[in-house]
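Following: one structure in structure tokens, then a few remarks.
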Amino acid sequence: MPNLAYPGPHNIHRHVLPNGITILAYENFASQSVVIDGVLSAGSIIEPRSQAGLANFATSLLMRGTQARGFAAIYEALEAVGAGLEFSNGRHTLEFAAQSLVEDFDLVLELMSQSLRTPTFPAEQIELVRGQIMTGLQIRANDTSRMAALAFYDMLYPQHPYGQSISGYFETIPHLTRQDFVDYHARYFGPRGMIIGVVGAVKAETAVAKIEAVLGDWQNPAQQEPPAVPSMARPVQQQRQHIAMPDKSQVDIILGLPGPLRAAPDYLDAKLMNTILGVFGMMGRIGENVREKLGLAYYAYSRLQGGIGPLPWYAGAGVAPENVDKAIQAILQEVERIQQEPVPAAELADSQAYITGSMPVGLETNAGLANVITDMAYYELGLDYLQRYPDLIRAITPQHVQAAAQKYLSTEQIAIAIAGSVDGYQ
Amino acid sequence: MSTTQPVTKTILDNGLTVVTKEMHHAPVASFMIWYRVGSRHEIPGITGISHWVEHMMFKGTPNFPGSELDRMISREGGHWNAFTWLDFTAYYETMPSNRIDLALRLEADRMTNTIMEADEVESERNVILSERGMYENDPRFRLSEELTAVAFRVHPYHHEVIGDEADLHVMTRDDLYHHYRRYYVPNNAIAVVVGDFDTEAMLARVQNLFGMIPAGAATTPVHRQEPAQRGERRVALSGPGDAAYLTFAYKIPGAAHPDYFALALLNAAFAGGSSLGMFGGGGTNKSSRLYKALVDTELAAAAFGSLEPTIDPFLYTLHAVARHGRSLADVEAALEAELARLAAMPVTQTELDRALKRAKAEFVLAGESITGQAQLLGLAEAVIGDYRWFETVLERIHAVTLDDIERVRQTYLHKNNRTVGWYEPTEEEEVA
């Protein structure tokens, strides 16, 4: 029986504005706050290699000056009422999130709309943010887990936009110009395809009317669709790269290969497989083997990203330099085991129960609710997805899990990135 | 259905403090156990022992074997974790509310029955050394560790929660077990339950599961108080890294002191961010004086202030990350000048009003999360001994005046009361 306590078609109010913005409003009067979670297809995928970091840089400038307000005035207004508004980039999306007391909802909507529609990219703010991004890149260069991730994507996705860093590089950030940001905004920002989830102590029809009041008249005839995502073959053989960071006392390892699309028919099989492998309990079989049994690492896990393109499946671990090879071997043994042996029924049931049981825990805050509701729309899962989800998970068998492991994992066709100080690696 | 019931507080015959709060907006409950033990209770030779005991608490009991614990929580859809800090060690489980009984049974059992086998202690030694290695990779940890050690010569806040590496190599299973038996007793613990349950039934169940655990000996008070500081102290580090960090750390009183909330508001008005002075929060600080003086001027990439509730006097810190190409000397001079300006032009009514409004928003947003409520109520009990310290925070910060804020600035934010830390990257490294 569908659980009507979860958000679904019966209590999510879906409204599409004439200009193409989809609004999903969900009422929750438990606390006097309201949260917005929005998404627009304007991610870093549009960047050529020579402009890596462009979308992220431009996004950092959205609240640095609009036609209505300068940088100082925007933050004076927001911080005076303890509200939050943030824009961020993924590979495919520009995302925005806002939270405030209900009494400040109008102000937040106004600032959100102005930032989306009329950012001015002031020259002095560009230089200020450029300096901050460069400092951020310096900090990244000193962070073993981020350097391992950088090398991992670079190795796994040659000649592919996923191979590039969303934050950019020392070689690209200095050359991005104001015109680049203006062009990016003019091409990819617009109402078409935008999704806005709104959750909190506001009546749904009021929330819709208020959003329509600030965004309903927005038009951008020049708005472009982002380029299609190229598919990505696996590496032909095992590849390794070591980023030498000699003064580090810990080494980070990331290994993996391109994973399934979110829209793949067997995506949930793969998700459950990954839960068993590197999530359940204290990070699944990988955590159990690498962290608990062998005591090799402070953390060890695996993740399946599953987006609209072939984002990776990967496993990661933080280990002492002398344990690098042992940890990699232990992770690959677990990959091989889940490919070769059917998962015992009890272990499968545990992970199924975990995935279905943890749903309400993710829905205890307005931000959690808004995130789930927006995702349902973005990935076109249907607004009844939360009602169907437990049954979809429970229907997965050990054969499905094994098939997903055989199809999506490999011990040979993978990239292995290691960052830190390791003897014997050059 | 969407009603929140008042908080209740009960003390069982064995001394266990029990705090409950019903919240019914989601079918979720959170159970926490706080032990009044942390790095504050450690002496040289066993630094890091409270945190290590926390790790061993996940290794199991005869009734709840370690290999099964994660599975039991996870298959009910719960998540759990623990944290060790200066004054306390806390464990929590957040579960679908109809499964929360498992958390109560588990915590009641491991309050007394954790085994701590010697080989598990040994394998955890590697994990903890590896955790310390991970922290050492971060220049901010290195700076904080050295700076705190310079600021506190006598008080055990001197050392980091993770402990000194020398001690982590030699501590024994018996040291850990002794620490566990001494501090993990009901009269040294606080149980907090928040979420979707019935208070009366919940209290009966807590009594049923925890009531028969015998009280332990009273723990000895921490007597090594830090003498007053009589001059600026400085610590300069260099090491791997590509960014330079500056910290000013002023000694301030503990959370129970009447000046604490005046200091929290001084921080909110000067540096922005949180107005409550609890666990982080508060959002951006781009309209603050600190940000305008250091970041808008392109000297720093980031700047923020922070204080946290502690039992004994600890530190109010101002942090800046130098912008690439800027020297720490320039950043420090600008921060010094801005503090001088704060003395000449004290916090205004407008700045105070904004800080108070932010406090209201923070308080309401904190109220959405069941796990977050349990943490804030537990924090108040563990540090102050009274959950109302959190429940009534808005009333008490509204009682703070501009005169109070200026007085605490004069009392605590002066040169002789601070420790200045520099971290500069060594030069040869250039990783792309």
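Keeping their order, the protein sequence lines are chains A and B. Quick note, the first sequence lines up with residues -1 to 424 if you use the numbering used here. Quick note, the second sequence lines up with residues 62 to 493 if you use the numbering used here. Each residue gets a CB set at the ideal place from its N, CA and C atoms; glycine is no exception.
Closer than 9 Å to chain A by CB, residue i
i: B/S348; result: yes
i: B/S205; result: no
i: B/A101; result: The question names Ala, yet the displayed sequence has Arg at residue 101 of chain B. No, B/R101 does not count as interfacial toward chain A.
i: B/M117; result: no
i: B/T472; result: no
i: B/M232; result: no
i: B/R384; result: yes
i: B/V492; result: Below a pLDDT of 50, predicted positions are generally treated as unreliable, and B/V492, at 43, falls in that range; the measurement from the model is reported next regardless. Closer than 9 Å to some Cβ of chain A, the Cβ of B/V492 qualifies, so yes.
i: B/G194; result: yes
i: B/P486; result: yes
i: B/N478; result: no
i: B/T209; result: no
i: B/N198; result: yes
i: B/G338; result: no
i: B/H521; result: Since the first residue shown for chain B is 62 and the last is 493, residue 521 of chain B is missing from the structure and cannot be characterised.
Exposure label - residue i; buried when at least 16 CB within 10 Å
i: B/E456; result: exposed
i: A/I34; result: buried
i: B/R295; result: exposed
i: A/K201; result: exposed
i: B/K476; result: exposed
i: A/S349; result: buried
i: A/V288; result: buried
i: B/N328; result: buried
i: A/Q424; result: Because A/Q424 sits at a pLDDT of 41, beneath the cut-off of 50, its placement in the model cannot be relied upon, and the following sentence gives the value as read from the coordinates. The residue in question, A/Q424, is exposed, as its Cβ has fewer than 16 Cβ neighbours within 10 Å.
C-beta neighbour in chain B for residue i, strict 9 Å
i: A/N54; result: no
i: A/P120; result: no
i: A/Y151; result: no
i: A/V79; result: yes
i: A/Q424; result: Because the pLDDT at A/Q424 is just 41, under 50, the model does not fix this residue reliably, and the value given afterwards should be weighed accordingly. Not one chain B Cβ lies under 9 Å of A/Q424.
i: A/R289; result: yes
i: A/T372; result: no
i: A/L379; result: no
i: A/P172; result: no
i: A/Q136; result: yes
i: A/K246; result: yes
i: A/Y73; result: yes
i: A/S29; result: yes
i: A/A3; result: yes
i: A/M(-1); result: Note that A/M(-1) has pLDDT 46, beneath the 50 cutoff, so the model's placement of it is unreliable and no number is given.
i: A/T64; result: no
Residue i: contacting residues in chain D (beta-carbon distance under 8 Å)
i: A/M230; result: Annotation note: the requested chain D is absent from the structure, which comprises protein chains A and B.
Given a limit of 8 Å on CB to CB distance, which residues of the stretch 405 to 431 of chain B reach chain A? Answer set for the stretch 405 to 431 of chain B: R415, K418, R419, A420, K421, A422, E423, V425, L426, G428, E429, S430 and I431.
With three or more beta-carbon pairs closer than 8 Å as the criterion, would you say the stretch 128 to 138 of chain B touches the stretch 90 to 98 of chain B? Output reads no: the stretch 90 to 98 of chain B does not touch the stretch 128 to 138 of chain B.
Under 8 Å: do the stretch 150 to 163 of chain A and the stretch 224 to 236 of chain A share three or more Cβ pairs, one atom per stretch? Contact between the stretch 150 to 163 of chain A and the stretch 224 to 236 of chain A is established, with three or more Cβ pairs separated by less than 8 Å.
Between the stretch 118 to 137 of chain A and the stretch 368 to 387 of chain B, can you find at least three pairs of beta-carbon atoms closer than 8 Å? The stretch 368 to 387 of chain B, when compared against the stretch 118 to 137 of chain A, does touch it at the 8 Å Cβ threshold.
Do three or more CB pairs link the stretch 261 to 278 of chain A to the stretch 290 to 302 of chain A at distances below 8 Å? By the Cβ test, the stretch 261 to 278 of chain A is in contact with the stretch 290 to 302 of chain A, since at least three Cβ pairs between them sit closer than 8 Å.
Under 7 Å, CB to CB, which of the residues in the stretch 70 to 91 of chain B have a partner in chain A? Only H86, A87, P88 and V89 from the stretch 70 to 91 of chain B bring a Cβ to less than 7 Å from some Cβ of chain A.
Can at least three beta-carbon pairs, one atom from the stretch 385 to 394 of chain A and one from the stretch 163 to 180 of chain B, be found at a separation below 8 Å? The stretch 385 to 394 of chain A makes no contact with the stretch 163 to 180 of chain B, as fewer than three CB pairs between them are under 8 Å.
Short-range partners of chain A found in the stretch 143 to 160 of chain B, where Cβ spacing is below 9 Å: Answer in chain order: T155, M156, P157, S158 and R160.
Which whole runs of the beta strand (DSSP E) in the stretch 28 to 103 of chain A are 3 residues long or more, in chain order? DSSP runs (the beta strand (DSSP E)) wholly in the stretch 28 to 103 of chain A: 31 to 38, 82 to 87 and 92 to 99.
If you scan the stretch 290 to 357 of chain A from start to end, which runs of the alpha helix (DSSP H) of 4 or more residues do you find wholly inside it? The stretch 290 to 357 of chain A contains these whole alpha helix (DSSP H) runs: 322 to 338 and 343 to 355.
Ordered list of alpha helix (DSSP H) runs contained in the stretch 327 to 361 of chain B, each at least 4 residues: Runs of the alpha helix (DSSP H) inside the stretch 327 to 361 of chain B: 350 to 355.
With contact counted as at least three CB pairs below 8 Å, one residue from each stretch, are the stretch 111 to 124 of chain B and the stretch 140 to 152 of chain B in contact? At 8 Å Cβ cutoff, the stretches touch.
The stretch 330 to 350 of chain A in contact with the stretch 367 to 377 of chain A per 3-pair CB rule at 8 Å: Contact check between the stretch 330 to 350 of chain A and the stretch 367 to 377 of chain A: fewer than three CB pairs, one atom from each, fall below 8 Å, which does not count as touching.
Residues from the stretch 348 to 362 of chain A in contact with chain B, defined by Cβ distance under 9 Å: Per Cβ criterion, the list reads D348, S349, Q350, A351, Y352, I353, T354, G355, S356, M357, P358, V359, L361 and E362.
Spell out a yes or no on whether the stretch 272 to 283 of chain A and the stretch 190 to 208 of chain A are touching, meaning 3 or more CB-CB pairs, one atom from each, closer than 8 Å. Flag = no, the stretch 272 to 283 of chain A and the stretch 190 to 208 of chain A do not touch.
Closer than 8 Å is the cut-off here; do at least three beta carbon pairs connect the stretch 102 to 114 of chain A with the stretch 208 to 216 of chain A? The stretch 102 to 114 of chain A makes contact with the stretch 208 to 216 of chain A; the number of CB pairs closer than 8 Å reaches 3 or more.
Runs of alpha helix (DSSP H) wholly within the stretch 246 to 280 of chain B (minimum 4 residues, chain order): The stretch 246 to 280 of chain B contains these whole alpha helix (DSSP H) runs: 260 to 271.
Could you pull out every unbroken beta strand (DSSP E) segment of at least 3 residues lying fully inside the stretch 201 to 274 of chain A, listed in chain order? Fully enclosed beta strand (DSSP E) runs of 3 or longer: 237 to 242 and 249 to 256.
Cβ contact check for the stretch 64 to 80 of chain A and the stretch 19 to 26 of chain A: 3 or more pairs under 8 Å: Taking one beta carbon from each stretch, the stretch 64 to 80 of chain A and the stretch 19 to 26 of chain A have fewer than 3 pairs nearer than 8 Å; the two do not touch.
Could you please tell me which residues of the stretch 94 to 123 of chain A, in chain order, have their CB closer than 8 Å to any CB of chain B? Answer in chain order: Q97, S98, L99 and D102.
Between the stretch 316 to 338 of chain A and chain B, which residues of the former have a C-beta closer than 7 Å to a C-beta of the latter? Within the stretch 316 to 338 of chain A, the residues whose Cβ lies closer than 7 Å to some Cβ of chain B are G316, V317 and A318, listed in chain order.
Take every Cβ of the stretch 257 to 272 of chain B, pair it with every Cβ of the stretch 100 to 117 of chain B, and state whether three or more of those distances are shorter than 8 Å. Taking 8 Å as the limit for Cβ pairs, the verdict is that the stretch 100 to 117 of chain B does not touch the stretch 257 to 272 of chain B.
Quick one: which residues of the stretch 359 to 383 of chain B get their C-beta closer than 7 Å to a C-beta of chain A? List them in chain order. Answer set for the stretch 359 to 383 of chain B: E359, A362 and V382.
Check distances from the C-beta atoms of the stretch 257 to 273 of chain A to those of chain B and list, in chain order, the residues that come in under 7 Å. Residues: none.
Restricting to runs no shorter than 3 residues, where is the beta strand (DSSP E) found entirely within the stretch 162 to 198 of chain A? Listed in chain order, they are 193 to 198.
Note down, one range per segment and in chain order, each alpha helix (DSSP H) of at least 4 residues found wholly within the stretch 82 to 155 of chain B. Taken in chain order, the whole alpha helix (DSSP H) runs of length 4 or more contained in the stretch 82 to 155 of chain B are 110 to 117 and 127 to 136.
Of all the residues that make up the stretch 379 to 394 of chain A, which are near chain B by a beta-carbon distance shorter than 9 Å? Hits within the stretch: zero.
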